[in-house]
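Novice: One structure, as structure tokens, below. Some questions next.
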Amino acid sequence: MKKYLEKIPEELQGLINKVHNTAVRKNTEAYLVGGFVRDLILGVKNLDLDIVIEGDGLKFAQDFADSLGVKVTLHRQFGTATVFARSGLKIDFSSSRREHYPSPAHLPLVEEGSLRDDLFRRDFTLNAMAIGLKDGRLVDYYGGLDDLRHKVIRVLHPLSFIDDPTRIFRAVRFEQRYDFKIEPRSLQLLKEALRLGLLERIHPHRTRTDLILILKEKDPIKEIKRIEKLAGFDFILPQLKISPKTYAFLKAIKREISYFHKNYTERRPLDTWVIYLIGLLDVLEAKKIKKICAKFGLRKGEKKRLLSYKRFQGRFIADLSRASIKPARIFGLLEPLSYETILALRAKYNNPVFKRNITDFLDIYNGMRISVSGNDLAGLGVLPGPRYRKIFTQVLKAKLNSQVRNKEEELALIKQLLRKGLPTLTARQASGRQGVD
Ligand code: CTP
Numbered sequence: 051m052k053k054y055l056e057k058i059p060e061e062l063q064g065l066i067n068k069v070h071n072t073a074v075r076k077n078t079e080a081y082l083v084g085g086f087v088r089d090l091i092l093g094v095k096n097l098d099l100d101i102v103i104e105g106d107g108l109k110f111a112q113d114f115a116d117s118l119g120v121k122v123t124l125h126r127q128f129g130t131a132t133v134f135a136r137s138g139l140k141i142d143f144s145s146s147r148r149e150h151y152p153s154p155a156h157l158p159l160v161e162e163g164s165l166r167d168d169l170f171r172r173d174f175t176l177n178a179m180a181i182g183l184k185d186g187r188l189v190d191y192y193g194g195l196d197d198l199r200h201k202v203i204r205v206l207h208p209l210s211f212i213d214d215p216t217r218i219f220r221a222v223r224f225e226q227r228y229d230f231k232i233e234p235r236s237l238q239l240l241k242e243a244l245r246l247g248l249l250e251r252i253h254p255h256r257t258r259t260d261l262i263l264i265l266k267e268k269d270p271i272k273e274i275k276r277i278e279k280l281a282g283f284d285f286i287l288p289q290l291k292i293s294p295k296t297y298a299f300l301k302a303i304k305r306e307i308s309y310f311h312k313n314y315t316e317r318r319p320l321d322t323w324v325i326y327l328i329g330l331l332d333v334l335e336a337k338k339i340k341k342i343c344a345k346f347g348l349r350k351g352e353k354k355r356l357l358s359y360k361r362f363q364g365r366f367i368a369d370l371s372r373a374s375i376k377p378a379r380i381f382g383l384l385e386p387l388s389y390e391t392i393l394a395l396r397a398k399y400n401n402p403v404f405k406r407n408i409t410d411f412l413d414i415y416n417g418m419r420i421s422v423s424g425n426d427l428a429g430l431g432v433l434p435g436p437r438y439r440k441i442f443t444q445v446l447k448a449k450l451n452s453q454v455r456n457k458e459e460e461l462a463l464i465k466q467l468l469r470k471g472l473p474t475l476t477a478r479q480a481s482g483r484q485g486v487d
């Protein structure tokens with residue numbers, strides 16, 4: 051009976067025991083459910099704990115959090131609660147419930163139900179199993195274990211995709227992630243839901259969540275191929291087509307992401323999904339990309355990265371493809387861009403000089419700082435004001451072009467600039483920035 055509990059990762063065992071203790075104190079039983087159970091059986095690491103309580107899950111979460119001395123966040127409208135343990139791990143709690151869909155693609159109405167109801171409202175049999183914490187028994191009313199063994203994705207009832215068409219994305223995601231197959235009857239139901247145009251009926255913000263999850267999968271290209279074959283990408287924008295060129299670009303993106311992960315381990319984590327989205331939307335003009343950003347409610351920073359890729363055109367590409375380009379110009383062009391945009395560009399233009407200039411930027415110029423400070427300028431009698439920025443820009447430009455190498459040389463340059471009168475270039479011109487972002 052305990053064989054599944056024994057498979058639980060060590061870092062979670064203490065926490066799960068404490069959930070069980072709360073259940074004993076409250077004379078109820080807690081169940082592990084959903085993706086956590088699926089991955090436990092598959093032997094895939096998953097730290098996202100989902101617990102269902104037959105009874106008041108919110109009150110349970112509150113009592114559990116009190117026993118740990120931590121806070122609980124209640125999401126009353128969804129009947130769920132999240133507890134963050136001190137270790138940084140989190141547990142989601144909910145009351146077992148049944149769901150009723152008032153119309154296709156809308157959020158369900160929820161009412162109290164048994165554990166059996168709660169498992170029946172779920173997407174696929176492989177996600178509809180539970181493990182009781184009392185004795186570790188597997189609760190599997192719908193044949194999930196068998197389907198896992200046979201590597202099959204199966205809906206629990208014929209209306210599943212109609213109730214919740216986001217399950218179309220989820221079916222593809224699990225199928226490609228685990229190398230499973232959507233079984234024939236479920237595939238037929240999925241296709242019927244597509245024929246009814248239900249993907250377009252999902253609220254775009256829900257579509258966005260699922261699209262991002264797909265692009266965050268380990269191999270998004272596989273997932274994109276499967277979605278293209280089943281549904282196409284009209285749900286993003288009518289007539290959005292994926293050509294062999296797009297796939298070649300997506301593959302190049304994949305290579306650039308590995309290149310970055312291998313060589314720049316200490317840099318901030320990449321939003322790899324943004325780069326894949328740049329690839330997916332490459333054929334579209336900026337105006338259409340703006341429209342997509344608005345429709346799906348993408349965040350400002352996400353939109354900025356998509357558009358700065360689009361606007362980085364013509365002369366900028368030509369300049370970066372020249373071996374004779376000055377470092378200050380490379381810096382001026384690339385410093386305003388995000389890593390995501392830069393990697394998409396590096397994937398797009400298969401020109402060795404262009405690539406090397408970007409590598410130089412990432413290796414040397416990115417984040418380059420000068421040694422002199424405002425205090426140094428004040429020490430030289432320069433009054434604070436916009437001229438500070440102009441002087442710093444000139445010094446940075448000189449440093450990038452190896453005209454100054456240390457603080458002494460920077461100070462000497464500043465003195466020379468002051469003797470000649472203040473720099474006449476604007477800061478933007480001096481740094482080579484051209485407003486590409
Ligand atoms: N679920 C569902 N229908 C959905 C979304 C979720 O039935 N549209 C159920 C499934 O039982 C799922 C659980 O809620 O297992 C948790 O959902 P989520 O955390 O989104 O997915 P996981 O299955 O944990 O998948 P992942 O590994 O991708 O996080």
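For the sequence shown, position 352 matches number 402 in this note's numbering, and the numbering has no gaps at all. No residue lacks a Cβ here, since even glycine has one placed at the ideal position from N, Cα and C. Just so we're clear, the structure is a prediction, and the values are computed from it rather than from any experiment.
Return the CA-CA distance between P234 and S388, expressed in angstroms with no decimal places.
Specialist: 44 Å
Novice: With distances taken from each beta carbon to the nearest heavy atom of the ligand CTP, which residues come in below 7 Å, in chain order?
Specialist: In chain order, the hits are V83, G84, G85, F86, R88, D89, N96, D98, D100, R171, R172, D173, N177, A178, D214, T216, R217, R220, R223 and L263.
Novice: Between which two residues does the alpha helix (DSSP H) containing H70 stretch?
Specialist: E60 to R75
Novice: Of all the options G85, V432, D426 and I380, which has the alpha carbon lying nearest to the alpha carbon of G417?
Specialist: Closest by alpha carbon: I380.
Novice: Mind checking D196: buried by the 16 CB within 10 Å criterion, or exposed?
Specialist: exposed
Novice: Please state whether the Cβ-Cβ distance between K52 and S117 is less than 8 Å.
Specialist: no
Novice: For L327, which option in F310, R305 and E352 has the closest C-alpha, if you only look at C-alpha atoms?
Specialist: The option with the nearest alpha carbon to L327 is E352.
Novice: Ignore the nearest five residues each way along the sequence and tell me which others in A428's own chain have a CB closer than 8 Å to its CB.
Specialist: So the qualifying residues of the chain are P434.
Novice: Do the region 442-453 and the region 367-383 make contact, defined as three or more Cβ pairs closer than 8 Å?
Specialist: Here the region 442-453 lies against the region 367-383, with 3 or more beta-carbon pairs under 8 Å apart.
Novice: Are the beta-carbon atoms of L99 and L82 separated by less than 8 Å?
Specialist: yes
Novice: Quick one: residues in its chain with C-beta nearer than 7 Å to the C-beta of A462, no 5 flanking neighbours on either side, listed in chain order?
Specialist: none
Novice: Please classify G471 as buried or exposed, where buried requires at least 16 neighbouring CB atoms within 10 angstroms.
Specialist: exposed
Novice: Look up Y81 in the DSSP assignment and give the residues it is bridged to.
Specialist: According to DSSP, which records beta bridges pairwise, Y81 is partnered with V102 and G182.
Novice: Would you say the beta carbon of V324 is closer than 7 Å to some non-hydrogen atom of the ligand ADP?
Specialist: In the structure shown, the ligand ADP is absent; the only ligands present are the ligand CTP.
Novice: Whole-angstrom Cβ separation of E273 and V222, contact assumed at under 8 Å?
Specialist: 6 Å between Cβ atoms; contact.
Novice: Could you round the C-beta distance between L90 and I58 to whole angstroms and report it? I think they count as a contact, below 8 Å.
Specialist: The pair is a contact, with the Cβ atoms about 7 Å apart (cut-off 8 Å).
Novice: From the DSSP output, which residues share a beta bridge with L159?
Specialist: Looking at the DSSP assignment, L159 forms a beta bridge with H150.
Novice: Going by the DSSP bridge assignment, what does L124 pair with across the sheet?
Specialist: A131
Novice: Any idea which residues DSSP pairs K140 with across the strands?
Specialist: Note: K140 sits in a beta bridge opposite F134.
Novice: Quick test of your reading: V422 and K465, contact by CB under 8 Å. State the CB separation rounded to the nearest angstrom.
Specialist: Their Cβ separation, rounded to whole angstroms, is 11 Å, which puts V422 and K465 out of contact at 8 Å.
Novice: For F174, write down the residues that DSSP places opposite it in a beta bridge.
Specialist: The beta-bridge partner set that DSSP reports for F174 consists of V205.
Novice: For the candidate residues D142, E61, D213 and L62, whose alpha-carbon lies nearest to that of S153?
Specialist: D213
Novice: Taking 8 Å as the cut-off, decide whether the C-beta atoms of E385 and D321 are in contact.
Specialist: Going by C-beta atoms, E385 is not nearer than 8 Å to D321.
Novice: Rounded to a whole number of angstroms, what is the C-alpha to C-alpha distance between K241 and G129?
Specialist: 32 Å
Novice: Among L159, E79 and T123, which residue has its Cα nearest to the Cα of R187?
Specialist: E79
Novice: Drop a sphere of 10 angstroms on the beta-carbon of D142, count the other beta-carbons inside from all chains shown, and report buried for 16 or more, exposed for fewer.
Specialist: buried
Novice: Can the beta-carbon of V102 be found less than 8 Å from the beta-carbon of S146?
Specialist: yes
Novice: So for K231, helix, strand or coil by DSSP?
Specialist: When secondary structure is reduced to three states using DSSP, K231 falls in the strand class.
Novice: Could you check which residue in F110, K350, F346 and R204 has the C-alpha nearest to that of E250?
Specialist: F346
Novice: Based on the DSSP output, what are the partners of L188 in its beta bridges?
Specialist: In DSSP, L188 forms a bridge with I181.
Novice: Classify S308 as helix, strand or coil using the three-state DSSP reduction.
Specialist: Three-state result, S308: helix.
Novice: Considering only DSSP beta bridges, list what S145 is partnered with.
Specialist: I103
Novice: Only counting the same chain, and skipping five residues up and downstream in sequence, which positions put a Cβ closer than 7 Å to that of Q256?
Specialist: Going by the sequence as given, residue 256 is Arg instead of Gln. Contacts found: T216.
Novice: Using the three-state DSSP reduction, which class does H255 fall into: helix, strand or coil?
Specialist: Correct three-state label for H255: helix.
Novice: Tell me which residues share the same chain as A111 and place their Cβ nearer than 7 Å to its Cβ, disregarding the 5 neighbours each side in the sequence.
Specialist: Within the same chain, and ignoring the five residues on either side of A111 in sequence, the residues whose Cβ sits closer than 7 Å to its Cβ are V122, A131, V133 and F143.
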